[in-house]
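So my numbering is basically just the index in the sequence shown, starting at one, shifted up by 19.
Note that the Cβ used here is the ideal one computed from N, Cα and C, for glycine as well.
Note that the structure is predicted; figures quoted are calculated from it, not measured.
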Amino acid sequence: MKQHVDMEVANMTLDKVVGSAHEAVADIPPGASLAVGGFGLCGIPMVLIQALLDAGVDRLSVVSNNCGVDDWGLGVLLAKQRIAKMTSSYVGENKEFERQYLSGELELELTPQGTLAEKLRAGGSGIAAFFTQTGVGTQVAEGGLPRRYNTDGSIAVASPAKPVQTFDVGGVPREFVLEEAITTDFSLVHALKGDRYGNLVFDKSARNFSPLAAMAGRICIAQVEEIVEAGELDPDAVHLPGIYVDRIVVVGSDIEKRIERRTVREGN
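Okay, here's the thing in structure tokens:
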């Protein structure tokens, strides 16, 4: 009998499902740093983003591949000027992003896409920094990229120079730039399916940056379309183990999902 009770207590402790998105993000404070999964509008945690918007949290520092579009994704936070800094690799689909950045209202740390992915993965893996050839010989390594502008268009804050070191690779000396890992206070991701212990399965290309963003957050909040009981997921199908996930919100499969550009082919 005691063993049965102990197992029930253990299951309750491991159960990471919370009642609502608003409850899940309630302790995210002003000025927090966030890693947010998604690529364009694919695989973004829109329900969690909307809950964060409703909560009124501001001065956020956000790490994400991009910042959505003007009326969807992270763009809804940007439109209300809730984001103080973005660390991104692509920012080309959001006019308000351009306006805020060029007017000096928003700080931007522009990062090569593969480097951004590895910085998140390294942060989640306990790796402080790594060397990469990407960016060698450019302002990425040499510094000078505008991070924030003054209102008159002059550069208020520029990126610093990064250490560059030569390594012998296959008998050929090559230069590498040192990139520091990224960790954040929280991470927000969307998954197709999860179990109550936090193990997650992502859907095809919606997987994109999400496992890496989840790993980098000290507290990871995941919205899932479907929840199953522990043991129902094939271990080989799990894309992100539950050790990285702290809270799960079930949002259902009928949530709105947008695409950035619809391309159709003319009929035969």
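For Gln158, the secondary structure class from DSSP, reduced to helix, strand or coil, is helix.
Residue state for Ser224 is assigned as helix, using DSSP reduced to three classes.
Judged by beta-carbon spacing, Lys212 lies within the 7 Å limit of Glu245, meaning their Cβ atoms are closer than that value.
Cβ-Cβ separation between Gly56 and Ala232: approximately 4 Å, consistent with a contact (criterion under 8 Å). Nearest to Asp73 by alpha-carbon distance, out of Leu60, Val95, Ser83, Asn85, is Val95.
Counting C-beta pairs with one atom in each stretch, the segment 177 to 194 and the segment 202 to 210 have fewer than three that are closer than 8 Å, which means they do not touch.
In this structure Arg237 is in contact with Asp204, their Cβ atoms being roughly 6 Å apart against a cut-off of 8 Å. When only Cα atoms are considered, Pro165 and Ala103 end up about 15 Å apart. As for any beta strand (DSSP E) of minimum length 3 sitting wholly inside the segment 24 to 110, the runs are 52 to 55, 79 to 82, 102 to 107, ordered along the chain. Judged by DSSP secondary structure, Lys181 falls outside any alpha helix (DSSP H); it is assigned neither H nor E. Boundaries of the alpha helix (DSSP H) harbouring Gln119: 114 to 121, taken from the DSSP string. At a Cβ-Cβ threshold of 7 Å, Gly143 and Ala235 count as neighbours.
Two segments are said to touch when three or more pairs of C-beta atoms, one from each, lie closer than 8 Å; by this definition the segment 59 to 79 does not touch the segment 115 to 123. For Glu128, the uninterrupted beta strand (DSSP E) run begins and ends at 126 to 129, by DSSP. For the pair Val268 and Glu42, the Cα-to-Cα distance works out to about 9 Å. Around the CB of Ser107, 16 or more other CB atoms lie within 10 Å, so the residue is classed as buried. Using a Cβ distance threshold of 7 Å, Asp77 and Pro49 count as a contacting pair. Nearest to Ile201 by alpha-carbon distance, out of Gly145, Leu259, Arg281, is Gly145. For Gly217, the number of other beta carbons within 10 angstroms of its own is at least 16, and it is reported as buried. DSSP links Tyr263 through a beta bridge to no other residue. When secondary structure is reduced to three states using DSSP, Ser206 falls in the strand class. Within the same chain, and ignoring the five residues on either side of Asp89 in sequence, the residues whose Cβ sits closer than 7 Å to its Cβ are Ala98, Asn113, Lys114, Glu115.
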